[in-house]
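Residue numbering for the sequence shown is 13 to 325, as defined by my numbering.
Using N, Cα and C, we set each Cβ at its ideal position, and we do this for glycine too.
Here the structure is laid out as C-alpha cells; the discussion comes afterwards.
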Amino acid sequence: MLLGVVRSGLVESRHPVSVAAVDSDGKVVFHSGDGQGTPFFLRSAAKPFQAAVSQRNGAALAPEQLAVAAGSHAGQPVHVALVEGMLASVGLGPEHLLCPPTRPSSESALRRLVAAGETEPGRLFYNCSGKHAAMLRACVAQGWPLSYTDPGHPLQREIMAEVEASTGEPAGPVGVDGCGVPTFRGTVVGLARAFARLATDPSLASVAQAVARFTPLTGDGDRAETELARWCPAAVKGGAQGCVGVAWFGGLGIAAKCWTGEPAPAAAAAAIALHRLGILSEYGWDMLAGVARPVVTGGDRPVGHLEMLEDGF
C-alpha cells in the first residue's frame, strides 16, 4: 500500500506501508507490501507483552497501573501519580528508574509545571516510565537485581521468549530502545500474529483488557491509536518509527508498518484494514476519517489529505 500527503493537488510525500492480518490460529488472512521479509524493531508496540511478563513475575499491578505499564503516556499528572505509586508501594522511588529524565510531552502538563516553577526534567515524565516501574516491581518480587535494562537480565530473557512465542519469529539480535531497555525485532506478519494472540490468549487477557479499557492512561488521548480503540473493540498499541498493532477481540490481529517512519500513514493503513475486513461499522469508519484520511491544512482551511495512492488490498 502506498499513501501520500497531497497538498493543493500535488503529492508532497509518499509513504509505503506494509499491512498484515492474522487470525487466532496464526493463519495469515492477508498481507500487503513486504509483510514477511524485512524486520524492524517493534519498539513500544511490544509493551503489552513486556507488561504481561512483568505482571507474571509478581508486579501485581491493578488494571489502571497495567494500562500505564503497557502504554506510552504523556506525562500528565494522572500518569505520573500512577507510576510514582507503583514505585512507592514496593519501597522504590523515581531514582530507581533507568529511563532518561525528560519533560512531559503533554503541553498542558508542561504548562502547569512551568507555572509552578518546576522546570527540571524528571524520569517519571518519560513516556515509558510505567513499563520501567512494572519491571522494577517484578525485580523486587523475584529478588532480581534492579539492573533490569541489561539484555542478559532474567526479566529481559523472559520477555524475549514471550515476544518470540507471540510473533512466531526470532526477536534478536536485540537493539536498544529510546528508553534504554532492549527492543525486539519482527515483521509485519509477526506483529499481527502477536496481536492476534493478545486478543485471544487468556494469559494476556488482563493486559489486553486494561489497554482497551483505559485508553487515556496508555497515551495522551489525542493519538490515532486512541481513536482506533474508541471505535473498534480492540487493544491498540503503536511504536516509534511508524508501527502499530491492533488486537481485535473478535479474534484477529492487524499490524501496519510505515517504512518512512511516520506514524500517521501506519494508523491510516490500520483503519483502512479494519474497514475492509468489515470490523468497523460504517459509523465507526466515518468517525475515523481523521485517522484514515487526515486533513492537510493551509492557513486555517483544508487544502488536502493523506490519501491512498496505490491500493494494496
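Minimum length 4: unbroken alpha helix (DSSP H) runs contained in the segment 252-310: For the segment 252-310, the full-length alpha helix (DSSP H) segments reaching 4 residues or more read 275-288, 294-299, 301-304 along the chain.
>> Buried or exposed, going by whether 16 or more other CB atoms sit within 10 Å of the CB of residue 203?
In response: By the neighbour-count rule (16 or more Cβ atoms within 10 Å), residue 203 is buried.
Original post:
Hey, residue 121 and residue 87: beta-carbon distance below 7 angstroms or not?
Top reply: Yes, the Cβ-Cβ distance between residue 121 and residue 87 is below 7 angstroms.
*Report the residue from 118, 113, 93 whose alpha carbon sits nearest the alpha carbon of residue 132.*
For residue 132, the nearest C-alpha among the options comes from 113.
(Q) Please tell me whether residue 109 and residue 135 are closer than 7 angstroms, where the distance is taken between their beta carbons. (A) Pairing residue 109 with residue 135 gives a Cβ-Cβ distance under 7 angstroms.
- prompt: Does the distance from the C-beta atom of residue 220 to that of residue 229 stay below 7 angstroms?
  reply: Cβ distance not < 7 angstroms, so residue 220 and residue 229 don't count as in contact.
(request) Using the Cα positions of residue 306 and residue 191, report the straight-line distance between them to the nearest angstrom. (result) Taking the straight line joining both Cα atoms gives about 29 angstroms.
Relative to the ligand FAD, is the shortest distance from any of its heavy atoms to the C-beta of residue 96 smaller than 6 angstroms? The ligand FAD is absent from the structure shown, which contains no ligands of any kind.
Does the structure place the segment 245-261 close enough to the segment 270-282 that three or more beta carbon pairs sit under 8 angstroms? With contact defined as three or more Cβ pairs closer than 8 angstroms, the segment 270-282 and the segment 245-261 are in contact.
Would a C-beta distance cut-off of 7 angstroms place residue 281 and residue 318 closer than the cut-off?
No, the Cβ-Cβ distance between residue 281 and residue 318 is not below 7 angstroms.
*Option in 208, 89, 287 with minimal Cα separation from residue 123*: The candidate whose alpha carbon is nearest that of residue 123 is 89.
- request: Could you tell me which residues DSSP puts in a beta bridge with residue 320?
  value: Answer by DSSP bridge pairing, in chain order: 15.
Q. How is residue 103 classed by DSSP in three states: helix, strand or coil?
A. Residue state, collapsed to three classes: coil.
Sort out for me which residues DSSP pairs residue 44 with in a bridge.
BP columns for residue 44 point to 31.
Open item on the list: Considering only the alpha carbon of each residue, which of 296, 248, 186, 168 lies closest to residue 278?
Closed with: For residue 278, the closest C-alpha among the options 296, 248, 186, 168 is that of 248.
Check: Are the segment 56-67 and the segment 173-188 touching by the rule of at least three beta carbon pairs closer than 8 angstroms?
Finding: With the cut-off at 8 angstroms, the segment 56-67 and the segment 173-188 touch.
Where residue 137 falls: helix, strand or coil (DSSP) | DSSP, reduced to helix, strand and coil, places residue 137 within a helical segment of the structure shown.
Q: Can you grab the Cα-Cα spacing for the pair residue 74 / residue 236, in whole Å?
A: For residue 74 and residue 236, the distance between alpha carbons rounds to 25 angstroms.
Open item on the list: Going by beta-carbon coordinates alone, are residue 259 and residue 241 separated by less than 7 angstroms?
Closed with: No, these two residues do not count as a Cβ contact at 7 angstroms.
Where do the N-terminal and C-terminal ends of the alpha helix (DSSP H) with residue 238 fall, by residue? In the DSSP assignment, residue 238 falls within the unbroken alpha helix (DSSP H) covering 236-243.
Option in 168, 205, 208 with minimal Cα separation from residue 196:
Looking at the Cα atoms, 168 is the closest of the given residues.
### Neighbour-count burial assignment, residue 239, 16 or more Cβ in a 10 Å radius
Result: buried.
Have a look at the DSSP bridge pairing and note the partners of residue 53. Residue 53 is bridged to 197.
Residue 174, buried or exposed, once every other Cβ within 10 Å from all chains shown has been counted against 16: Residue 174 is buried by the Cβ-count criterion.
* **Cβ-Cβ separation, residue 43 to residue 29 (assumed contact under 8 angstroms), whole Å** => With 8 angstroms as the limit, residue 29 and residue 43 do not qualify as a contact, their Cβ atoms being about 12 angstroms apart.
Query raised in the report: Would a C-beta distance cut-off of 7 angstroms place residue 304 and residue 284 closer than the cut-off?
Result: With respect to the 7 angstroms criterion, residue 304 and residue 284 are classified as neighbours on the basis of their beta carbons.
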